[in-house]
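Okay, structure first, notes after.
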Amino acid sequence: MKATKQALPAYAVTQSPLSEAQVSEFAERGYLVFDLDVSSDFLDSLVARVEPCYPEDHRLNPTAPARAQDAWKRIDEVRQLAVLPLALGALEQLFGRRALPFQTLNFPIGTRQATHSDIVHFNSIPSGFMAGVWVALEDIDLDNGPLQYYPGSHLLPEYAMQDFDLEPSYDNYRFYEENIKALVEARGLQHEFGTIKRGQALIWHANLLHGGAAQTDLSRSRHSQVTHYYFEDCEYYTPMHSGAEGLSLRDPFWIPATAEFSLPEDRPVSRLKRFVRRFIR
Ligand SMILES: O=C(O)CCC(=O)C(=O)O
Ligand SMILES: [Fe+2]
580 MKATKQALPA YAVTQSPLSE AQVSEFAERG YLVFDLDVSS DFLDSLVARV
630 EPCYPEDHRL NPTAPARAQD AWKRIDEVRQ LAVLPLALGA LEQLFGRRAL
680 PFQTLNFPIG TRQATHSDIV HFNSIPSGFM AGVWVALEDI DLDNGPLQYY
730 PGSHLLPEYA MQDFDLEPSY DNYRFYEENI KALVEARGLQ HEFGTIKRGQ
780 ALIWHANLLH GGAAQTDLSR SRHSQVTHYY FEDCEYYTPM HSGAEGLSLR
830 DPFWIPATAE FSLPEDRPVS RLKRFVRRFI R
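Next comes the structure, spelled out in structure tokens:
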């Protein structure tokens, strides 16, 4: 069956919700914290309904790292948070193009993810039209594994695996992390922590170096949701699958604007791409 191209969802967008000072702060620092203005009941319901999406081993042992990718397909609150008019409006104001959410990740505890920039995972042509919006679903402090980031690091060059003489592949990803760690040390970059309150969001620029700080109190949770966005009128690709043979373009499925949607079939193109990746490299 021929796949039809998804029309851009008709999102409701709050126009220009940010002040000029917030826009310049983002340009200089590569991140911005703002209030999402969502109700406590909404956040309670989101957290409760995502819980069954985490893997069994996390439910048996709540200190085991866990994530639920694209829970928006099943849990409407996750979808609603991803398409929140205020978040879409802020992104549009910061990047000057319509924001298009393509992936959600929910976490029940700290990720302890090593420092990276999302540009190594998702990039665009023209480059850098990608952002993450990290939402605190409960209060975050230094003990429950806050986001850790390096203000201003989005102004560094965009580092791909090849810049460290690494073949792009997830098998080599730990060497990317080692190189980024060395770079942060060599440049003496200073980190900050995203100790933000429940219902606040932190937008990061695609090239901002960030990761998850260690969770020092493992008796606690750290409920959070990240939505990754691209922007309109770009080409999208996966740097980690793009090597000498060319860019691995992607055709993201944009998170729908309303609760009534049908998911794309397992599209013939992506099946072919998977086959190529498995057998021709
Ligand atoms: O939540 C975290 O600790 C990091 C998440 C992250 O790096 C991402 O979603 O891009
Ligand atoms: Fe990230």
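Take 580 as the starting number for the sequence shown in my numbering and just add one per residue. From the three backbone atoms N, C-alpha and C, an ideal C-beta is built for every residue, glycine too.
Around the C-beta of residue i, are 16 or more other C-beta atoms found within 10 angstroms, so that it is buried, or is it exposed?
i: residue 589; result: exposed
i: residue 853; result: With a pLDDT of only 47 at residue 853, under 50, the local geometry of the prediction cannot be trusted, and the value read off the model is given with reservation. By the 10 Å Cβ count, residue 853 comes out exposed.
i: residue 838; result: exposed
i: residue 764; result: exposed
i: residue 791; result: buried
i: residue 746; result: exposed
i: residue 656; result: buried
i: residue 690; result: buried
i: residue 606; result: exposed
i: residue 748; result: exposed
i: residue 640; result: exposed
i: residue 825; result: exposed
i: residue 595; result: exposed
i: residue 608; result: buried
i: residue 619; result: exposed
Compute the Euclidean distance between the alpha carbons of residue i and residue j, then round it to the nearest angstrom.
i: residue 800; j: residue 688; result: 5 angstroms
i: residue 833; j: residue 644; result: 27 angstroms
i: residue 730; j: residue 632; result: 33 angstroms
i: residue 680; j: residue 721; result: 29 angstroms
i: residue 615; j: residue 823; result: 42 angstroms
i: residue 814; j: residue 705; result: 7 angstroms
i: residue 586; j: residue 628; result: 29 angstroms
i: residue 809; j: residue 795; result: 33 angstroms
i: residue 811; j: residue 756; result: 30 angstroms
i: residue 776; j: residue 613; result: 10 angstroms
i: residue 599; j: residue 711; result: 21 angstroms
i: residue 636; j: residue 652; result: 22 angstroms
i: residue 767; j: residue 836; result: 43 angstroms
i: residue 626; j: residue 675; result: 32 angstroms
i: residue 723; j: residue 584; result: 42 angstroms
i: residue 565; j: residue 638; result: The structure shown does not extend to residue 565, since the chain is modelled only from 580 through 860, so no value can be given for it.
i: residue 779; j: residue 697; result: 21 angstroms
i: residue 703; j: residue 786; result: 12 angstroms
i: residue 642; j: residue 798; result: 8 angstroms
i: residue 611; j: residue 686; result: 21 angstroms
Can you find a heavy atom of ligand 1 that lies under 7 angstroms from the Cβ of residue i?
i: residue 674; result: no
i: residue 733; result: no
i: residue 613; result: no
i: residue 602; result: no
i: residue 861; result: Limits of the chain in this structure are 580 at one end and 860 at the other, which puts residue 861 out of reach.
i: residue 681; result: no
i: residue 789; result: yes
i: residue 772; result: no
i: residue 690; result: yes
i: residue 754; result: no
i: residue 686; result: yes
i: residue 629; result: no
i: residue 805; result: yes
Excluding sequence positions up to five away, which residues of its chain have a Cβ less than 6 angstroms from the Cβ of residue i?
i: residue 817; result: 827 and 829
i: residue 859; result: At residue 859 the pLDDT is 35, less than 50, meaning the model places this residue with poor confidence and gives no usable figure here.
i: residue 754; result: 745
Closer than 7 angstroms: is that where the CB of residue i sits relative to any heavy atom of ligand 4?
i: residue 833; result: Ligands present in the displayed structure are limited to ligand 1 and ligand 2, and ligand 4 is not among them.
Return the chain-ordered list of same chain residues with a C-beta closer than 7 angstroms to the C-beta of residue i, the five sequence neighbours on each side being excluded.
i: residue 667; result: 590, 592 and 678
i: residue 725; result: 719, 772, 773, 774 and 792
i: residue 649; result: 682 and 683
i: residue 840; result: none
Taking the CB atoms as reference points, tell me whether residue i and residue j lie closer together than 8 angstroms.
i: residue 646; j: residue 684; result: yes
i: residue 709; j: residue 807; result: yes
i: residue 781; j: residue 713; result: yes
i: residue 727; j: residue 770; result: yes
i: residue 602; j: residue 673; result: yes
i: residue 700; j: residue 759; result: no
i: residue 716; j: residue 804; result: yes
i: residue 671; j: residue 707; result: no
Is the beta carbon of residue i within less than 7 angstroms of some heavy atom of ligand 2?
i: residue 724; result: no
i: residue 711; result: yes
i: residue 697; result: yes
Determine, for residue i, whether the minimum Cβ-Cβ distance to residues of chain C falls below 8 angstroms.
i: residue 736; result: Of the protein chains in this structure there is only one, and it is not chain C.
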